[in-house]
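A.B. asks: All residue numbers for the sequence shown refer to our numbering, where the first residue is 6 and numbers rise by one.
Even for Gly, the Cβ is constructed at its ideal location relative to N, Cα and C.
The structure's right below; bear with me while I get my questions together.
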Amino acid sequence: MPENKSRPPQEQPWENGWAPDTSRTPGTRRLWLAGGLAVATIAACAVAITATQRDGDGMSGKTSDAGTAPGLISFGTPSPAGTKTPKGKSAMPYAAAASPTPLKESPTPTPTPTPTKAPAEKPAKPAKTAPAEEPAPKPATNWRSVRSANYPDRYWYVSGSYVKLAAVSSGAARQDVTFALVKGLANGACYSFATTDGGYLRHRNFVLRAEHDDGSSLFEQDATFCPRVSPYSGATMLESVNYPGRFLRHKDFQIRLDPYQYYGPYAGDSAFRLVGGLA
């Protein structure tokens, strides 16, 4: 019977005279050990789960506050405060019965808006009132002096109540040779001559004189004269409104109303130039 020799270490087969065992796959023993360990682990987990389910059935059907069913193991979420630890080997916490309504998250407090100061109201500006309409300015007075065409150094001059042809010798006399040329009192297309004291020049008994308006139609006609073209260049003839064919002329330096004459000095005596007022 052959002598049994102890098996030398497998790490040095050739040095000890042993040939490697090629009948099995290398590492098979380690695989069996790992498999056995895995089976044991699974069996232990199954036993723990079964024990947990039994303890959970003894509860009054409650689930955890987080809504987890009994017996389920949660590895990610820590146990909430107030959870109970079941009896047995397993120290895994279980949850209470699920609430019929999910937990409401505490509302995020809404920040209270900081009250802003309202801008101080500015006092209302008083409404602008339209400026009062100023009365239309009165037309400038058309002051005139009447100069003779054939006696250019002489003007109509009020002496007393009569109008004569005289030379201006002083500053005071300028007032008496200056008249306001206005629209005719009886005919707007003609002229009337107003004196500085508010009267008018009118003819009476065919003699020109200065009088105040008495409001009569006769006065207005006697004080109205229409301009006509004169044979003298730049001169004007003044015809009576109520005595057509009669013109103002000077005779012996007295201004009067005479019929037109085609001969003698009448053309020159009835020609006058309306110049700027001397006053």
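State the DSSP-derived secondary structure class of V168, mapped to helix, strand or coil.
C.D. replies: As a working note, residue 168 is residue 163 in the sequence shown. Here V168 sits in strand by DSSP.
A.B. asks: Taking buried to mean at least 16 other C-beta atoms within 10 Å of its own C-beta, is I260 buried or exposed?
C.D. replies: Position 255 of the sequence shown, counting from 1, holds the residue named residue 260. It is buried - the Cβ of I260 has at least 16 other Cβ atoms within 10 Å.
A.B. asks: May I have the straight-line CA-CA distance separating P270 from P157, to the nearest angstrom?
C.D. replies: Along the sequence shown, read from residue 1 onward, the residue named residue 270 stands at position 265. Along the sequence shown, read from residue 1 onward, the residue named residue 157 stands at position 152. Roughly 15 Å between the two C-alpha positions.
A.B. asks: D257 to A228, Cα distance in whole Å?
C.D. replies: Here the question's residue 257 lines up with position 252 in the sequence shown. Here the question's residue 228 lines up with position 223 in the sequence shown. C-alpha separation (whole angstroms): 22 Å.
A.B. asks: Use the C-beta contact count for D202: other C-beta atoms within 10 angstroms, 16 or more gives buried, fewer gives exposed.
C.D. replies: Counted from its first residue, the sequence shown places residue 202 at position 197. Exposed, since its Cβ has fewer than 16 Cβ neighbours within 10 Å.
A.B. asks: With a cut-off of 8 Å, do at least 3 Cβ pairs link the stretch 176 to 196 to the stretch 146 to 154?
C.D. replies: A contact exists between the stretch 176 to 196 and the stretch 146 to 154.
A.B. asks: Considering only DSSP beta bridges, list what F277 is partnered with.
C.D. replies: The residue given as residue 277 occupies position 272 in the sequence shown. According to DSSP, which records beta bridges pairwise, F277 is partnered with S153, T241.
A.B. asks: Taking 7 Å as the cut-off, is the C-beta of T55 nearer than that to any heavy atom in the ligand SAH?
C.D. replies: Among the ligands in the structure shown, none appear at all, so the ligand SAH cannot be discussed.
A.B. asks: Name the DSSP bridge partner or partners of Y160?
C.D. replies: Here residue 160 is taken as the residue at index 155 of the sequence shown, counted from 1. DSSP lists R152, A171 as partners of Y160.
A.B. asks: Is it buried or exposed, A272, if we count other Cβ atoms within 10 angstroms and call 16 or more buried?
C.D. replies: Numbered from 1 along the sequence shown, position 267 holds the residue referred to as residue 272. Buried: at least 16 other Cβ atoms inside 10 Å.
A.B. asks: Classify D257 as helix, strand or coil using the three-state DSSP reduction.
C.D. replies: Within the sequence shown, numbered from 1, the residue matching residue 257 stands at position 252. Three-state result, D257: coil.
A.B. asks: What span of residues does the beta strand (DSSP E) with A177 cover, start to end?
C.D. replies: Here residue 177 refers to the residue found at position 172 when the sequence shown is read from its first residue. From DSSP, A177 is part of no beta strand (DSSP E); its letter is neither H nor E.
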